[in-house]
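In what follows, a single structure is set out as structure tokens and then discussed.
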Amino acid sequence: MSVEIRRTDPDELRAAANTTRIALLDGPPDDETWTKHEVRWRTLRSFSAWEGRACVGHIGGFAVDTTVPGGAVVPTMAVTSAGVLPTHVRRGTFRRLVDALHHDAVADGVVMASLRASEAMIYGRFGYGLAGEALTATVDAARATPMHGAAVGGTFELVGAADLHDVVRPIYARATARPGHITRPEWLWQRYFENVTGHTVENVVVHRAEDGSPDGYAHYELKWSDDIFGDDHGTGTVHELWATDASVEVALWQFLLTIPLVKRLSIDELAVDSALFQSVRDYRSVRVTMKWDEQWVRLLDVGAALSARTWTDAGSVVVDVDGVGRWQLGDGAARASSATADISTDVAGISAAYLGSTSWWELVASGRASAPDHAAITRADSVFAHRPLAFCGSFF
95 MSVEIRRTDP
105 DELRAAANTT
115 RIALLDGPPD
125 DETWTKHEVR
135 WRTLRSFSAW
145 EGRACVGHIG
155 GFAVDTTVPG
165 GAVVPTMAVT
175 SAGVLPTHVR
185 RGTFRRLVDA
195 LHHDAVADGV
205 VMASLRASEA
215 MIYGRFGYGL
225 AGEALTATVD
235 AARATPMHGA
245 AVGGTFELVG
255 AADLHDVVRP
265 IYARATARPG
275 HITRPEWLWQ
285 RYFENVTGHT
295 VENVVVHRAE
305 DGSPDGYAHY
315 ELKWSDDIFG
325 DDHGTGTVHE
335 LWATDASVEV
345 ALWQFLLTIP
355 LVKRLSIDEL
365 AVDSALFQSV
375 RDYRSVRVTM
385 KWDEQWVRLL
395 DVGAALSART
405 WTDAGSVVVD
415 VDGVGRWQLG
425 DGAARASSAT
435 ADISTDVAGI
445 SAAYLGSTSW
455 WELVASGRAS
465 APDHAAITRA
475 DSVFAHRPLA
485 FCGSFF
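Quick note: the sequence shown uses our numbering, first residue 95, plus one each step.
Structure below.
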């Protein structure tokens with residue numbers, strides 16, 4: 095029997111969720127779990143694969159805006175809930191699902207797609223490139239403090255559940271210095287703070303500037319071990335930390351690491367060039383346990399994406415994107431060009447370099463791009479480069 099790829103009808107969403115959960119090595123959601131997650135599913139641009147009346151695969155995407163170098167935002171499809179039943183893999187079904195989702199998004203003017211990959215080997219063949227990384231780390235409080243560069247004169251406030259969203263959402267909206275930052279839909283906000291109820295160990299601390307305006311927050315939880323003579327008492331997890339500038343970021347870390355009884359904090363999503371590293375008293379107090387592929391990006395409209403971001407004034411470079419077009423980039427603009435290419439790559443390559451964190455040196459060295467000489471690579475890296483590095487910090 096042939097497999098049909100089509101938009102998922104609203105009354106088919108739970109069947110699609112069942113299929114996705116099985117494909118991702120989980121079980122179908124029970125009624126309580128489905129009620130909790132149904133609102134997210136109803137926001138998706140959803141495509142599913144059907145063999146007769148059986149759903150055998152699914153892929154979806156929800157709408158966000160992504161900050162790009164220079165501060166502009168571009169319409170983005172955040173790809174999620176993707177998978178095919180083990181009985182139907184290696185038949186081209188997943189490629190057909192991806193193609194249908196991309197085609198539909200392009201027709202609606204979506205400029206790029208972004209995802210968090212369950213496996214790092216999957217999405218390169220669909221034009222996605224690794225555009226941003228993140229770190230998982232542990233911080234020794236005693237060795238890290240006192241810290242350098244923290245904002246002074248501000249105050250800290252623990253925010254209760256009733257006021258939480260009104261306070262932290264405007265801070266998050268202003269903390270957009272990094273490319274890769276996305277807007278969050280309502281369901282994602284609710285998921286991030288669902289356990290901050292006033293009756294749990296999760297807390298949110300807000301930093302206020304001297305004029306009283308909130309300019310940073312940290313969402314964290316702490317735990318205490320009964321073994322007060324051991325090494326595990328006074329540990330915790332920082333779920334996320336956002337600030338409108340680096341000095342406030344450092345001030346929040348300083349607050350967390352000097353909470354009485356806290357010996358060690360861990361964080362699963364930390365920017366590769368976080369201010370934390372250069373601010374701690376002892377650089378080795380921050381132990382990185384993993385560097386991982388946080389953002390896979392696919393430019394759906396290459397020309398629109400290149401025109402949306404800014405470029406350094408370090409000359410210009412001509413980039414040829416196989417099967418798509420050729421552009422002269424730099425000196426403040428992106429222009430279509432017929433000149434000889436300095437860099438040649440494919441959609442995955444330009445997507446990886448787009449946010450300014452993956453270098454052309456890396457892409458050429460790995461065979462994902464080509465250049466006539468070292469000077470062309472150096473110039474391309476100068477034109478594309480952006481600091482701070484890309485970081486999303488919103489896992490979906």
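The beta carbon of each residue, even a glycine, is placed where N, CA and C say it ideally should be.
Note that the coordinates shown come from a computational prediction; the quantities given were computed from them, not determined experimentally.
Hey, how far is the Cα of residue i from the Cα of residue j?
i: residue 239; j: residue 376; result: 8 Å
i: residue 113; j: residue 137; result: 18 Å
i: residue 99; j: residue 172; result: 20 Å
i: residue 479; j: residue 454; result: 10 Å
i: residue 388; j: residue 272; result: 14 Å
i: residue 341; j: residue 190; result: 47 Å
i: residue 301; j: residue 383; result: 28 Å
i: residue 327; j: residue 285; result: 28 Å
i: residue 402; j: residue 447; result: 14 Å
i: residue 412; j: residue 228; result: 30 Å
i: residue 400; j: residue 428; result: 6 Å
i: residue 309; j: residue 186; result: 48 Å
i: residue 177; j: residue 183; result: 9 Å
i: residue 393; j: residue 200; result: 10 Å
i: residue 267; j: residue 181; result: 43 Å
i: residue 253; j: residue 165; result: 29 Å
i: residue 96; j: residue 150; result: 11 Å
i: residue 129; j: residue 434; result: 56 Å
i: residue 356; j: residue 298; result: 16 Å
i: residue 409; j: residue 442; result: 24 Å
i: residue 450; j: residue 422; result: 16 Å
i: residue 274; j: residue 416; result: 24 Å
i: residue 117; j: residue 207; result: 22 Å
i: residue 107; j: residue 145; result: 16 Å
i: residue 477; j: residue 426; result: 10 Å
Is it buried or exposed for residue i, if we count other Cβ within 10 angstroms and need 16 for buried?
i: residue 386; result: exposed
i: residue 242; result: exposed
i: residue 348; result: buried
i: residue 469; result: exposed
i: residue 490; result: buried
i: residue 288; result: exposed
i: residue 459; result: exposed
i: residue 192; result: buried
i: residue 141; result: buried
i: residue 215; result: exposed
i: residue 152; result: buried
i: residue 475; result: buried
i: residue 139; result: buried
i: residue 119; result: exposed
i: residue 323; result: exposed
i: residue 487; result: buried
i: residue 291; result: exposed
Specify, as a first and last residue, the run of the alpha helix (DSSP H) that residue i falls within.
i: residue 264; result: 258–268
i: residue 132; result: 125–135
i: residue 286; result: 280–286
i: residue 116; result: 107–117
i: residue 251; result: Segment 249–252 is the beta strand (DSSP E) holding residue 251; no alpha helix (DSSP H) there.
i: residue 344; result: 340–351
By the DSSP assignment, the beta strand (DSSP E) with residue i in it spans what residues?
i: residue 157; result: 148–161
i: residue 140; result: 139–145
i: residue 490; result: Premise fails: residue 490 is in no beta strand (DSSP E) and is neither H nor E.
i: residue 231; result: 223–234
i: residue 332; result: 329–337
i: residue 311; result: 308–317
i: residue 304; result: Unbroken run through residue 304: none, as it is neither H nor E.
i: residue 100; result: 98–101
Considering only the alpha carbon of each residue, which of the options lies closest to residue i?
i: residue 370; options: 248, 433, 335; result: 335
i: residue 305; options: 250, 453, 141, 472; result: 250
i: residue 235; options: 452, 145, 358, 180; result: 358
i: residue 158; options: 170, 166, 164; result: 170
i: residue 330; options: 337, 345, 323, 296; result: 296
i: residue 439; options: 485, 221, 395; result: 221
i: residue 280; options: 461, 431, 133, 374; result: 133
i: residue 436; options: 407, 449, 471; result: 471
i: residue 135; options: 145, 146, 123; result: 123
i: residue 364; options: 104, 483, 154; result: 483
i: residue 432; options: 463, 351, 418; result: 418
i: residue 148; options: 174, 294, 179, 237; result: 179
i: residue 352; options: 367, 316, 362; result: 316
i: residue 233; options: 361, 406, 467; result: 361
i: residue 226; options: 424, 162, 198, 167; result: 162
Is residue i near the ligand SAH, judged by its Cβ being under 8 Å from some heavy atom?
i: residue 472; result: This structure lacks the ligand SAH, and indeed carries no ligand of any kind.
Under 9 Å, Cβ to Cβ, is there at least one residue of chain D near residue i?
i: residue 180; result: Looking for chain D here will not work: only one protein chain is present.
Unbroken beta strand (DSSP E) runs of length 3 or more, entirely within the segment 172–213: which are they?
DSSP runs (the beta strand (DSSP E)) wholly in the segment 172–213: 206–209.
Hey, which unbroken runs of the alpha helix (DSSP H) at 4 residues or more fall wholly within the segment 355–429?
Runs of the alpha helix (DSSP H) inside the segment 355–429: 370–373, 396–402.
Which residue spans inside the segment 427–481 form an unbroken alpha helix (DSSP H) run of at least 4?
Those alpha helix (DSSP H) runs which fall completely within the segment 427–481 and span 4+ residues are 441–447, 454–459, 468–478.
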